[in-house]
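Novice: In this note's numbering, the protein residues as written are 1425 to 2088.
Backbone N, C-alpha and C fix where the C-beta goes; we use that ideal spot for every residue, glycine too.
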């Protein structure tokens, strides 16, 4: 990385990410309807301060080591950013929100922010910052127009409109925060093997901010991790440099393809994606930061240090816990890069050991009996009909991402054409020069993603979601490949900067016009306000329960509490009319308190591994039991207290049972 060039660029971009977090905090605060007590301005100040610290602190530490001429991969901005994210999560998990943590972070962050702000001295820099904030806000508002995240999550829950994935992931993070391991919180705390890395990270920050898991996912994650996502992308783009010449037309089609993919997708499923998937975003953050280390030190890391190889193995294995699809695709891609850059026996041994470790991790996470054998699938159905039906589903799923392949293929074709390849010897010369290792790795990751997606579509019945998850990693890495040629081309174009700025503003305006973002949110808020003022009796009881859960979340410290709601209480178990499967997760997502029972039949028959598969795989029948049995089970599970909620005469009834003594 050209340090001076990086320093000249980073100040204004750091301000963009920080001001974005401030704008989103103000927007969320002003957008509230009810439940204004759950998050205050001081809470938002702390959230923005933590965001500022993670964005700025790695730069300051990097500069400190650079001045002392202590340059290594573990003093790189990429590694220091990873370290900051993880250490703050650990600090939050073990210490929580205390004045010892909160006040120093706020004071340090405010000082850092104004120090960076005073570096902005020209109108041009202010203009760049405004343009940057507009673009980042556009992405964020697009995400809010999806149905995964909403600043009105309290109201949405009461009205039955909360998304099942949002409330499920919030439940797992909250239970980790309470018990230290992953679980859904339904019928005790059954261990959840499924990818819980992002939930573990979130649990630390949930405890740091002392808020519920559902609040964190809807109000804090979009501020904190979207800012880190943008900063990580910038770090990767700045360290990703090419020495070879780039044809001036090489960036046009890839850029168009990315825009088509981002804004003209044919499926409603992709609305707001991938930013609604916290595990995808965090996995991409770590991938970008890891690659930034490689490209920043690609000359110093030859031969590749053993400690860096070990760090890379641990990070890639951790990706499996963050996002299985990202871990699989990136593991193969980075293994290929290592073998191409340093084809030695030591590298092969390390990759073999990492493969074994990754395989063991996958066996722990992903149950083998989730995939049916071809013999079972083909029994009773013709081969032709089977293949035809699956291909139809597959190509419908692929239509949303096919344009990305077109862009990558065109980019690689143009770059190879620059070398004037006319013979096999020319090809071998270019290949062994290792100038296009990243492109080769991207091609491998795309092939891996598409092959795995095809396999899953054929043998598990998964459709668009899996296809997108698998392709998201090569898609975002491809964006990194495109950015550098764009910068090179624009730097050589003989056009006035004011004209370029004008074209950029027109482009941003067209984005906001073609994809309205603010108006739908205002309309949604207006409609939600009307709906919440005229809720029915069952929704009123649910509202009272949510109020009570917020109190219990604060009170549950140092006490093992469980909650029991009979399955006959439809006001709870059938409250989420948008996604009925989300209903049982309300209690654990708001409190981190597990339920006794709480698993309706539609959960077990949902077909979703995370929702039903792990819960009762060892039980022969659904546990339909009455209150006395629930108390007995709670004692058996080792809880100290059981709280029973029921609806009585359009009101919420609460009964507490002291499992160590008498009922009261």
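#1: Name the one or two DSSP bridge partners that residue 2019 has.
#2: Does the distance from the C-beta atom of residue 1462 to that of residue 1482 stay below 8 Å?
#3: Count the other CB atoms within 10 Å of the CB of residue 1960; is the residue buried (16 or more) or exposed (fewer)?
#4: Three or more beta-carbon pairs under 8 Å between the segment 1996–2008 and the segment 1579–1595, yes or no?
#5: Taking contact to mean 3 or more Cβ pairs, one atom from each stretch, closer than 8 Å, check whether the segment 1640–1648 and the segment 1516–1529 are in contact.
#6: According to the neighbour-count rule (16 or more other Cβ atoms, all chains shown, within 10 Å of its Cβ), is residue 1604 buried or exposed?
#7: Distance check for residue 1864 and residue 1989, CA to CA, integer angstroms please.
#8: Quick one: what's got a C-beta closer than 6 Å to residue 1985's C-beta in the same chain, skipping five residues either side?
#9: Work out the CA separation of residue 1772 and residue 1573 for me, nearest whole Å.
#10: Helix, strand or coil: how does DSSP classify residue 1515 here?
#11: Rounding to the nearest angstrom, what Cα-Cα distance links residue 1568 and residue 1649 in this structure?
#12: Judging by CA-CA distance, which residue of 1746, 1762, 1701 is the nearest neighbour of residue 1728?
#13: Have a look at residue 1531 and residue 1443 and give me their C-alpha separation to the nearest angstrom.
#14: I need the boundaries of the alpha helix (DSSP H) containing residue 1588, first residue and last residue.
#15: Is residue 1739 near residue 1710, with beta carbons less than 8 Å apart?
#16: Between the Cα of residue 1633 and the Cα atoms of 1779, 1955, 1515, 1547, which residue gives the shortest distance?
#17: Among the candidates 1438, 1741, 1498, 2051, whose CA atom is the shortest distance from the CA of residue 1721?
#18: What is the DSSP secondary structure of residue 2068, counted as helix, strand or coil?
#19: Which value, in whole angstroms, describes the spacing of the CA atoms of residue 1407 and residue 2075?
#20: Within the same chain, show all residues whose beta-carbon is closer than 6 Å to that of residue 1591, passing over the 5 residues directly before and after it, in chain order.
#21: I need the boundaries of the alpha helix (DSSP H) containing residue 2101, first residue and last residue.
#22: The beta strand (DSSP E) with residue 1413 in it runs from where to where?
#23: Report the CB separation of residue 1706 from residue 1616 in whole angstroms; it is logged as a contact under 8 Å.
#24: Nearest-angstrom Cα distance between residue 1506 and residue 1716?
#25: Taking the straight line between their C-alpha atoms, what separation do you get for residue 1600 and residue 1654?
#26: State the DSSP-derived secondary structure class of residue 1508, mapped to helix, strand or coil.
#27: Check whether the Cβ atoms of residue 1869 and residue 1757 lie closer than 8 Å to each other.
#28: Which residues mark the beginning and the end of the alpha helix (DSSP H) in which residue 1612 is found?
#29: Would DSSP call residue 1701 helix, strand or coil?
#30: Opposite residue 1607 in the DSSP bridges: which residues?
#31: For residue 2062, does the count of other Cβ atoms within 10 angstroms reach 16, so buried, or fall short, so exposed?
#32: How long is the line joining the alpha carbons of residue 1457 and residue 1576, rounded to whole angstroms?
#33: Using DSSP with H/G/I as helix, E/B as strand and the rest coil, what is residue 1574?
#34: Considering only the beta carbon of each residue, do residue 1651 and residue 1475 sit closer than 8 Å?
#35: Take residue 2067 and list the residues in its own chain whose beta-carbon comes closer than 6 Å to its own, dropping the five residues that flank it on each side.
#36: Hey, quick one: how far does the alpha helix (DSSP H) through residue 1622 stretch, first residue to last?
Specialist: The relevant details are as follows:
#1: 1987
#2: no
#3: exposed
#4: yes
#5: Contact between the segment 1640–1648 and the segment 1516–1529 is absent, with fewer than three C-beta pairs closer than 8 Å.
#6: exposed
#7: 55 Å
#8: Closer than 6 Å at Cβ, skipping near neighbours: 2017, 2065.
#9: 43 Å
#10: helix
#11: 15 Å
#12: Answer by Cα proximity: 1762.
#13: 17 Å
#14: 1588–1603
#15: yes
#16: Minimum Cα-Cα distance from residue 1633 among the listed residues 1779, 1955, 1515, 1547 corresponds to 1515.
#17: 1498
#18: strand
#19: Residue 1407 lies beyond the residue range present for the chain, which begins at 1425 and ends at 2088; the question has no answer from this structure.
#20: The beta carbon of residue 1591 sits closer than 6 Å to those of 2006, 2009, 2013, all from its chain and outside the five residues before and after it, given in chain order.
#21: The structure shown does not extend to residue 2101, since the chain is modelled only from 1425 through 2088, so no value can be given for it.
#22: The chain is shown only over 1425 to 2088; residue 1413 falls outside these bounds and no answer can be derived.
#23: Not quite, the Cβ-Cβ distance comes to about 17 Å (not below 8 Å), so this is no contact.
#24: 11 Å
#25: 27 Å
#26: helix
#27: yes
#28: No alpha helix (DSSP H) contains residue 1612, which DSSP labels as neither H nor E.
#29: coil
#30: 1615
#31: exposed
#32: 7 Å
#33: coil
#34: yes
#35: 1987, 2080
#36: 1621–1633
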